[in-house]
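J.: Sharing a structure below in structure tokens format, with a few things to ask.
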């Protein structure tokens, strides 16, 4: 399946991937200002920019083949989308027990306690766009949306 | 941090940063992207503020702001108007009164001297001679740089003997010398990739050739400058041509100084100097005090590379440039690069940059005329540099007598430079004129090379259109064809030096 791969050598740590992620997960998908100022609670960015200068990279769910979060989920909210293969959290079923956070080997799931307590994670923009918003919004080609290469498979 | 130093300095902010609060979403992209630390987030207020004192107007924050909430403007604070004591003059004095140092600057001369390219107009065909459509008919832009024989001798339909070594360019535009040190490795990689893609050359500058760049050697001119940094036989062999740098348009008569803090592991290895030491290029080559000495170096380099590579000499355009160029041609150079007073630099003393040298338009015309008069124009190719801004400048330069041009400022603009002229600080927010690993990653060579290559391709299209309009189907037919130029708003003397007629003549 296609995933988002960070290219650490070109990540500038600007955080625009997060801005575009928040916008894509708000009701105002083409208006950043409204997405930030008129959405309550504002969605959390599902991509995390890790930085220890000079190195930085954008971290997000790896959509593991054998996903520990799916196995650990007590309600079945965390599931694999059969069409895309992406690991998705059904927030209506999520009870915010944080077990997925505990088992995620990448630290790619975050707590969202702004409204109902839910686990917040990358959904690859639910396949709405051809390319996830973070990839489209990266100004320096530091995020790639592609299938796994042979070496990584 | 905001108001502390005010009474210690008479300087006031040069720019005004306008933040549209209705649009600012406090995403902090501007805070993270400014190496000058202009923008900062106030936790207590929950707002981003800006300290304009540190702003250099590089436009990075403006370009990166996702909601277009930012604008950098000229400051609204105005000194009492004075046509003689302008704000720049006064600020310079304040800075020198505080520092006691030479004023430094980057990029090219920004003073409002006349731009002679803009005082020349091109011809086009009408009725009596047909213009050519380059989209339908072949249009040759190929250029060969190097010494041409006075006559060709053929035997059995084939050329007898060998031509001197030539550089073959698909477009008459090359990337000018910029060293690894003055610009980042990613910037050089961008230019190297673009040069290879478009069939032209980049130039190492005086900083040697990084090991990653040897693979681009066929599209590389290696420079030998007064500091001899990174010069060894593999380096000379790696390039397609060798260039002896005598001078630079931005700072004629001045050497170079790469501060030790920029000399990290990679630069140290490439330049063959210890890490952390200043890289000082002497003002003159200490083994060149005459044309005869220059001839010795030219032939030493030719000897070292088996006479297989053209050896050029780069000089700054100065008062007696025609006589100097004649000497260089006679010293055995295959091409002469002339860098005008608007040429850029990573760092130069401000007063030198703004006051030394002459316009490259005059230098080119004078050199071409002189070499023709002496009957040695064929012995040497001419490359001009020093603010070639667009394809029209290229065409005019070729019509004035240039074989090709060098671009550097234009190339860096293509990579993202916004001409803030602060290259010497090492804090280039666009990842170009810096060695800080946090900043150099901002220039992705895959994207940068495409932009630089696009620029070359765009100019080539435009050059072909202009040639076609003049009824020419090869750049060679325009070379030195000054009848294709007319002067506008020039004095008799200027027209005479340029060797062109006035518009209407």
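Residue numbers (this note's numbering), protein chains in the order written: chain A, 556 to 708; chain B, 42 to 546. A virtual CB, placed ideally from N, CA and C, is assigned to each residue, including glycine.
(1) Excluding sequence positions up to five away, which residues of its chain have a Cβ less than 6 Å from the Cβ of residue 579 of chain A?
(2) Taking the straight line between their C-alpha atoms, what separation do you get for residue 70 of chain B and residue 112 of chain B?
(3) When DSSP labels each residue in this structure, what does residue 420 of chain B get in the three-state scheme?
(4) What residues from chain A crowd round residue 479 of chain B, counting only those whose CB sits closer than 9 Å?
(5) Report the rounded CA-to-CA distance for residue 433 of chain B versus residue 664 of chain A, giving the unit in angstroms.
(6) Look at the alpha carbon of residue 354 of chain B and the alpha carbon of residue 479 of chain B, and state the distance between them as a whole number of angstroms.
(7) Residue 591 of chain A touches chain B at which residues, Cβ-Cβ below 7 Å?
(8) Could you give the first and the last residue of the continuous beta strand (DSSP E) run that contains residue 701 of chain A?
(9) Looking at residue 406 of chain B: is its Cβ nearer than 8 Å to the Cβ of residue 362 of chain B?
(10) In chain order, what residues of the region 690 to 701 of chain A put their CB closer than 8 Å to some CB of chain B?
(11) Is there a Cβ from chain A that is less than 8 Å from the Cβ of residue 525 of chain B?
(12) For a contact defined as C-beta to C-beta under 7 Å, what are the partners of residue 485 of chain B on chain A?
(13) Apart from the five residues just before and just after residue 702 of chain A, which ones in its own chain have a Cβ nearer than 6 Å to its Cβ?
(14) Just reading off the alpha helix (DSSP H) that residue 276 of chain B is part of, what are its end residues?
(15) Under 7 Å Cβ to Cβ from residue 515 of chain B, same chain only, skipping five residues before and after it: list those, please.
(16) For residue 323 of chain B versus residue 290 of chain B, is the C-beta spacing smaller than 8 Å?
(17) Quick check on the DSSP output: what are the complete beta strand (DSSP E) runs of length 3 or more inside the region 287 to 332 of chain B, in order along the chain?
(18) Under 8 Å between C-beta atoms, does residue 199 of chain B make it to chain A?
(19) If you run the structure through DSSP and keep just helix, strand and coil, what is residue 580 of chain B?
(20) CB-CB under 6 Å to residue 564 of chain A, same chain, minus the five flanking residues each way: which ones, in chain order?
(21) Looking at residue 467 of chain B: is its Cβ nearer than 8 Å to the Cβ of residue 292 of chain B?
(22) Taking contact to mean 3 or more Cβ pairs, one atom from each stretch, closer than 8 Å, check whether the region 412 to 425 of chain B and the region 368 to 378 of chain B are in contact.
(23) Would you say residue 207 of chain B reaches chain A, if we count a Cβ-Cβ gap shorter than 8 Å as a contact?
(24) Roughly how many whole angstroms lie between the Cα atoms of residue 320 of chain B and residue 456 of chain B?
(25) To the nearest angstrom, report how far apart residue 205 of chain B and residue 377 of chain B are at their CA atoms.
(26) So, helix, strand or coil for residue 81 of chain B, using DSSP?
(27) Report the three-state DSSP secondary structure of residue 108 of chain B (helix, strand or coil).
(28) Determine whether the beta carbon atoms of residue 381 of chain B and residue 358 of chain B lie at a separation below 8 Å.
(29) Skipping 5 residues on each side, what residues in its chain have a beta carbon closer than 8 Å to that of residue 500 of chain B?
(30) Under a CB-based cut-off of 8 Å, is residue 69 of chain B close to chain A?
(31) Could you tell me which of B:221, B:97, B:426, B:152 sits nearest to residue 250 of chain B, measuring between CA atoms?
(32) Could you round the C-beta distance between residue 602 of chain A and residue 619 of chain A to whole angstroms and report it? I think they count as a contact, below 8 Å.
(33) What's the C-alpha gap between residue 175 of chain B and residue 257 of chain B?
(34) How about residue 587 of chain A: is its C-beta nearer than 8 Å to some C-beta of chain B?
(35) Quick one: what does DSSP say residue 189 of chain B is sitting in, helix, strand or coil?
(36) Return the residue from the list B:332, B:64, B:98 that minimises the CA-CA distance to residue 373 of chain B.
T.: In brief:
(1) Sequence-distant Cβ neighbours of residue 579 of chain A in its own chain, meaning closer than 6 Å and more than five residues away, are 680, 688.
(2) About 14 Å.
(3) Here DSSP, grouped into helix, strand and coil, assigns residue 420 of chain B to helix.
(4) The contacting residues are 567, 568, 608, 609, 610, 611.
(5) In this structure, the alpha-carbon of residue 433 of chain B lies about 56 Å from that of residue 664 of chain A.
(6) Cα-Cα distance, rounded: 36 Å.
(7) The contacting residues are 66.
(8) 698 to 702 is the extent of the beta strand (DSSP E) around residue 701 of chain A.
(9) Not closer than 8 Å, so no.
(10) Only those residues of the region 690 to 701 of chain A whose C-beta falls short of 8 Å from the nearest C-beta of chain B are listed: 692, 694, 695, 696, 697.
(11) No, no contact with chain A.
(12) Correct list: 565, 695, 696.
(13) Same-chain partners within the cutoff: 557.
(14) From DSSP, the alpha helix (DSSP H) with residue 276 of chain B extends over 274 to 279.
(15) For residue 515 of chain B, where only same-chain residues beyond five positions count, the Cβ hits under 7 Å are 181.
(16) Between residue 323 of chain B and residue 290 of chain B, the CB-CB gap reaches or exceeds 8 Å.
(17) The qualifying runs are 297 to 299, 320 to 322.
(18) No Cβ of chain A is located within less than 8 Å of the beta carbon of residue 199 of chain B.
(19) As displayed, chain B neither begins before 42 nor continues past 546, which places residue 580 of chain B out of reach and without an answer.
(20) Same-chain partners within the cutoff: there are none.
(21) No, they are not a contact pair.
(22) With a cut-off of 8 Å, the region 368 to 378 of chain B and the region 412 to 425 of chain B count as touching, because enough Cβ pairs lie within range.
(23) Contact of residue 207 of chain B with chain A is not assigned, every C-beta pair being separated by 8 Å or more.
(24) Per the coordinates, the alpha-carbon of residue 320 of chain B lies some 26 Å from the alpha-carbon of residue 456 of chain B.
(25) So the alpha carbons of these two residues sit roughly 15 Å apart.
(26) Reduced to three states, the DSSP call for residue 81 of chain B is strand.
(27) Reduced to three states, the DSSP call for residue 108 of chain B is coil.
(28) Less than 8 Å divides the Cβ of residue 381 of chain B from the Cβ of residue 358 of chain B.
(29) Non-local beta-carbon contacts of residue 500 of chain B in its own chain, meaning distances under 8 Å to residues more than five positions away in sequence, involve 212, 214, 431, 432, 435 in chain order.
(30) Closer than 8 Å to the CB of residue 69 of chain B there is at least one CB belonging to chain A.
(31) Shortest Cα-Cα distance from residue 250 of chain B to any of B:221, B:97, B:426, B:152 involves B:221.
(32) Between residue 602 of chain A and residue 619 of chain A, the beta carbon gap of about 17 Å keeps them out of contact (Cβ cut-off 8 Å).
(33) Cα to Cα, residue 175 of chain B sits roughly 30 Å from residue 257 of chain B.
(34) It does; some Cβ of chain B falls within 8 Å.
(35) Assignment of residue 189 of chain B by DSSP, reduced to helix, strand and coil, places it in the coil class.
(36) The shortest Cα separation from residue 373 of chain B among B:332, B:64, B:98 belongs to B:332.
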